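*Asks:*
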Amino acid sequence: MSVISIKQLKKYYGTHCGVENVTFDVDEGEILGFIGPNGAGKSTTIKLLLSLLKPDFGSAEIFGMDTRKDSAKIKENLGYVPGDVRYYPDMKVADLIDTTLRFHHKKPLEFRKARTDICDLFDIDLNKKFEELSLGNKKKVAIAQAIIHSPKLIILDEPTNGLDPLIQKYLFEHLQKMNREGTTVLFSSHNLSEVETNCGRAAFIKDGQIIDMEDLTNNGHCAKEIYISLAPGVEIVLPAKLSGASLLRTLPDGRITFQYKGDYPDLLAFLATLTPLDITIENANLESRFLSYYEGGHKA
Numbered sequence: 145m146s147v148i149s150i151k152q153l154k155k156y157y158g159t160h161c162g163v164e165n166v167t168f169d170v171d172e173g174e175i176l177g178f179i180g181p182n183g184a185g186k187s188t189t190i191k192l193l194l195s196l197l198k199p200d201f202g203s204a205e206i207f208g209m210d211t212r213k214d215s216a217k218i219k220e221n222l223g224y225v226p227g228d229v230r231y232y233p234d235m236k237v238a239d240l241i242d243t244t245l246r247f248h249h250k251k252p253l254e255f256r257k258a259r260t261d262i263c264d265l266f267d268i269d270l271n272k273k274f275e276e277l278s279l280g281n282k283k284k285v286a287i288a289q290a291i292i293h294s295p296k297l298i299i300l301d302e303p304t305n306g307l308d309p310l311i312q313k314y315l316f317e318h319l320q321k322m323n324r325e326g327t328t329v330l331f332s333s334h335n336l337s338e339v340e341t342n343c344g345r346a347a348f349i350k351d352g353q354i355i356d357m358e359d360l361t362n363n364g365h366c367a368k369e370i371y372i373s374l375a376p377g378v379e380i381v382l383p384a385k386l387s388g389a390s391l392l393r394t395l396p397d398g399r400i401t402f403q404y405k406g407d408y409p410d411l412l413a414f415l416a417t418l419t420p421l422d423i424t425i426e427n428a429n430l431e432s433r434f435l436s437y438y439e440g441g442h443k444a
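Residue numbers (the working numbering): 145 to 444.
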């Protein structure tokens with residue numbers, strides 16, 4: 145069952161493309177990482193999901209409800225951490241968090257326990273005004289507001305920006321705990337290691353378009369990264385019959401690399417025709433996949 149379902153979302157800012165025909169689902173109970181460089185369309189997609197922007201075309205559903213028509217109902221069971229945290233500057237942190245709890249109709253005992261547990265976990269000073277907080281402390285308040293009511297879905301837009309490593313650790317431990325209890329998580333990030341460590345899948349977006357959905361749990365069938373050193377003047381062309389080979393590029397040290405998903409006999413037969421000086425085969429990590437896509441190895 146899909147908690148989030150996006151179909152052909154399109155958003156333009158004048159003549160500039162925000163997102164173009166974005167389509168993907170987030171299944172119930174999964175943690176999906178949303179990856180792309182600045183300006184790729186991550187925040188635009190998230191704001192369309194939250195009905196903070198109006199799409200030019202396409203549709204999106206959360207919990208089977210239309211994100212525009214049923215926005216208020218959806219937000220009863222949703223938590224959101226924006227990339228740029230802005231709240232009322234003169235309000236105390238305690239008042240901001242208490243407002244969130246009242247919005248979600250928490251009972252007095254739940255109210256006090258939830259506030260104490262979350263604020264202790266993230267070391268949040270309830271007595272400071274929001275304008276007095278550093279970037280990292282503002283982000284901690286946003287995270288607390290997003291998760292304090294135990295929502296069914298959490299959407300986080302680059303949540304670790306400004307957080308120290310220990311708080312990042314506490315955040316992902318808590319998200320994993322909530323996920324085990326049934327919460328679905330979508331978060332965008334520039335930190336590939338945190339996506340690879342915490343997510344079951346990753347969606348890659350480039351120039352406003354989804355270019356791949358990567359399964360990060362299926363290690364037995366993941367892509368292999370092939371590194372080849374060839375004699376000077378020898379060139380390589382991936383043959384059409386070598387299905388599963390892609391993302392061919394030349395590294396700064398002169399080695400040729402490509403990714404491969406397919407049968408090993410076909411790969412070995414192809415490599416034998418090259419008379420390489422050296423070959424290395426290893427699992428393709430998320431970083432190599434990312435660099436291949438965004439350094440021009442893949443056209444959206």
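Here a beta-carbon is modelled for each residue, glycine too, at the ideal position from N, C-alpha and C. Just so we're clear, the structure is a prediction, and the values are computed from it rather than from any experiment.
(1) Starting from His-318, follow the alpha helix (DSSP H) in both directions and report where the run begins and ends.
(2) Among the residues of its own chain, which have a CB less than 8 Å from the CB of Asp-234, if the five just before and after it don't count?
(3) Considering only residues of the same chain and omitting the five flanking positions on each side of Ser-387, which have a CB-CB separation below 7 Å?
(4) Taking all protein chains shown into account, do 16 or more other C-beta atoms lie within 10 angstroms of the C-beta of Val-378, making it buried, or fewer, making it exposed?
(5) Are there 16 or more other CB atoms within 10 angstroms of the CB of Asp-301, so buried, or fewer, so exposed?
(6) What's the call for His-249, buried or exposed, on a 16-neighbour Cβ count within 10 Å?
(7) Counting C-beta neighbours from all protein chains within 10 Å, is the total for Ser-278 16 or more, i.e. buried, or is it exposed?
(8) Are the Cβ atoms of Ile-268 and Val-285 separated by less than 8 Å?
(9) With distances taken Cα to Cα, identify the nearest neighbour of Asn-271 among Asp-261, Ile-292 and Asp-239.
(10) Span of the beta strand (DSSP E) holding Glu-205?
(11) So the candidates are Pro-383, Gly-344 and Pro-295; which of them puts its Cα closest to the Cα of Phe-414?
(12) State the Cα-Cα distance for the pair Phe-255 and Leu-193, rounded to the nearest angstrom.
(13) Output the distance between the C-alpha atoms of Lys-257 and Thr-189, rounded to the nearest integer angstrom.
(14) Helix, strand or coil for Lys-282, going by three-state DSSP, please let me know.
(15) Taking the straight line between their C-alpha atoms, what separation do you get for Asp-422 and Ala-375?
(16) Is the beta carbon of Arg-345 sitting closer than 8 Å to the one on Asp-356?
(17) Taking the beta strand (DSSP E) that Thr-401 falls in, what are its first and last residues?
(18) Should Val-163 and Lys-154 be called a contact, given that it needs their Cβ atoms to be closer than 8 Å?
(19) According to the Cβ coordinates, are Lys-282 and Leu-307 closer than 8 Å?
(20) When we look at the beta-carbon of Asn-182 and count the other beta-carbons within 10 Å, is it buried (16 or more) or exposed?
(21) Looking at the structure shown, is Thr-167 part of a helix, part of a strand, or coil, going by DSSP?
(22) Going by the beta-carbon positions, is the gap between Arg-259 and Ile-241 smaller than 8 Å?
*Replies:* Well, looking at it:
(1) Boundaries of the alpha helix (DSSP H) around His-318: 309-324.
(2) Excluding sequence neighbours, Asp-234 sits near Lys-273, Phe-274 and Glu-275.
(3) Result list for Ser-387: Gly-406, in chain order.
(4) Burial call: exposed.
(5) With 16 or more other Cβ atoms within 10 Å, it is buried.
(6) Exposed is the call here.
(7) With fewer than 16 other CB atoms across the displayed protein chains lying within 10 angstroms of its CB, Ser-278 is exposed.
(8) Yes, Cβ-Cβ distance for Ile-268 and Val-285 is below 8 Å.
(9) Of the candidates Asp-261, Ile-292 and Asp-239, the one whose C-alpha sits nearest the C-alpha of Asn-271 is Asp-239.
(10) For Glu-205, the uninterrupted beta strand (DSSP E) segment begins and ends at 201-206.
(11) Residue Pro-383 holds the alpha-carbon nearest to the alpha-carbon of Phe-414 among Pro-383, Gly-344 and Pro-295.
(12) Straight through space, the alpha carbons of Leu-193 and Phe-255 are spaced by roughly 28 Å.
(13) Approximately 34 Å between the Cα atoms of the pair.
(14) Three-state result, Lys-282: helix.
(15) The alpha-carbon atoms of Asp-422 and Ala-375 are separated by roughly 10 Å.
(16) No.
(17) Looking at the DSSP string, the run of the beta strand (DSSP E) that includes Thr-401 is 400-404.
(18) Result yes, Cβ atoms of Val-163 and Lys-154 sit closer than 8 Å.
(19) Cβ distance not < 8 Å, so Lys-282 and Leu-307 don't count as in contact.
(20) Classification for Asn-182: exposed.
(21) Looking at Thr-167 - three-state DSSP - the assignment turns out to be strand.
(22) Taking 8 Å as the Cβ cut-off, Arg-259 and Ile-241 qualify as a contacting pair.
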